[in-house]
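Enquirer: Let me begin by handing over the structure; questions about it come next.
In the working numbering, the protein residues as written are 358 to 567.
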């Protein structure tokens, strides 16, 4: 559902994404950029959080101000590349809890295989934002959401930096009610399931591995 796909055209995000794509960008700068982009995206992804009014005593008088209306957030990265976005998201919401879902893509079938799942115990009280830099085939994201839905969170959003049309189609067909926040839609997937032009393997570039 197109109304549930939110694409970011903010100049800062697009500028940082261009540097992120560059094959000459080293791991340190790559990690910093992923975190910075995640912070900027999280700012928009939390725009609909409800507020309530309270009274605050300033040094001058009583002010009627607004605070978050008791919403509890959880960020859930899809391991391992999703870890690169967590710090940036926590910059805005430091009180949020963090869960982890470990999935790897079978090199033969390209299907996701679960190897780890650790979520907050009070998931039914939390609004969840799942983070992963890449939405390629969509298999890992779809599988992660399937796992999270079993814990009945109050709401779920998915946030990625890059997506391929194939992955976006697979995700929105599997979970049409879940909003997707994405910085760029690329051309296609190649025969190995990598996004083209993409930015390579996000996990390897974040952690400096091959």
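For each residue, glycine too, the CB sits at the ideal point set by N, CA and C.
1) Bridge partners for residue 422 per DSSP, in chain order?
2) Roughly how many angstroms separate the alpha carbons of residue 501 and residue 542, rounded to a whole number?
3) Expressed to the nearest angstrom, what Euclidean distance is found between the alpha-carbon atoms of residue 455 and residue 446?
4) Do residue 439 and residue 484 have their CB atoms nearer than 7 Å?
5) Below 7 Å between beta carbons: does that hold for residue 524 and residue 492?
6) Assuming residue 430 and residue 450 make a contact with CB atoms under 8 Å, what is their CB distance in whole Å?
7) Here's a check: name, in chain order, each residue in its chain whose Cβ is nearer than 7 Å to the Cβ of residue 397, leaving out the five neighbours to either side.
8) Assuming residue 504 and residue 474 are in contact, meaning their beta carbons sit under 8 Å apart, how far apart are those beta carbons, in whole angstroms?
9) Distance check for residue 441 and residue 566, CA to CA, integer angstroms please.
10) So, under 8 Å CB-CB, residue 550 and residue 462 are touching, yes? Tell me the CB distance rounded to an integer number of Å.
11) May I have a chain-ordered list of the beta strand (DSSP E) segments no shorter than 3 residues that lie completely inside the stretch 488-515?
12) Tell me whether residue 551 sits in a helix, a strand or coil according to DSSP, three-state version.
13) In whole angstroms, what is the alpha-carbon distance linking residue 406 and residue 522?
14) How long is the line joining the alpha carbons of residue 564 and residue 390, rounded to whole angstroms?
15) Under the three-state reduction of DSSP, which class applies to residue 470: helix, strand or coil?
16) Determine the direct distance from the alpha carbon of residue 517 to that of residue 532, and round the result to whole angstroms.
Expert: In short, the structure shows the following:
1) Position 65 of the chain shown, counted from the first residue, corresponds to residue 422. For residue 422, which the question treats as bridged, DSSP gives the partners 411.
2) As a first step, residue 501 must be located in the chain shown, where it is residue number 144. As a first step, residue 542 must be located in the chain shown, where it is residue number 185. Straight-line Cα distance between these residues: approximately 21 Å.
3) Taking the chain shown and counting its residues from 1, one reaches residue 455 at position 98. Taking the chain shown and counting its residues from 1, one reaches residue 446 at position 89. Approximately 10 Å between the Cα atoms of the pair.
4) Here the question's residue 439 lines up with position 82 in the chain shown. Here the question's residue 484 lines up with position 127 in the chain shown. No, they are not a contact pair.
5) For this step, residue 524 is matched to residue 167 along the chain shown. For this step, residue 492 is matched to residue 135 along the chain shown. It is a contact, given that the beta carbons lie within the stated cut-off.
6) The residue given as residue 430 occupies position 73 in the chain shown. The residue given as residue 450 occupies position 93 in the chain shown. Contact holds; Cβ gap of about 5 Å.
7) Position 40 of the chain shown, counting from 1, holds the residue named residue 397. If we look at residue 397 and ignore the five residues flanking it on each side, its Cβ neighbours are 367, 369, 370.
8) Start at 1 with the first residue of the chain shown, and residue 504 comes out as number 147. Start at 1 with the first residue of the chain shown, and residue 474 comes out as number 117. Yes, residue 504 and residue 474 are in contact; Cβ-Cβ is about 6 Å, under 8 Å.
9) As a first step, residue 566 must be located in the chain shown, where it is residue number 209. As a first step, residue 441 must be located in the chain shown, where it is residue number 84. Roughly 14 Å between the two C-alpha positions.
10) Counting from one through the chain shown, the residue named residue 550 turns up at place 193. Counting from one through the chain shown, the residue named residue 462 turns up at place 105. Indeed, because the Cβ distance is near 7 Å, the residues count as touching under 8 Å.
11) none
12) What you label residue 551 is simply residue 194 of the chain shown in a count that begins at 1. The answer is coil: DSSP assigns residue 551 none of H, G, I, E or B.
13) Translated into positions along the chain shown, residue 406 becomes position 49. Translated into positions along the chain shown, residue 522 becomes position 165. About 29 Å.
14) Locating residue 564 in the chain shown gives position 207, where the first residue counts as 1. Locating residue 390 in the chain shown gives position 33, where the first residue counts as 1. So the two alpha carbons sit approximately 13 Å from each other.
15) The sequence position of residue 470 within the chain shown is 113, counting from 1. DSSP places residue 470 in strand when its eight states are reduced to three.
16) Here residue 532 refers to the residue found at position 175 of the chain shown. Here residue 517 refers to the residue found at position 160 of the chain shown. One C-alpha to the other measures close to 15 Å.
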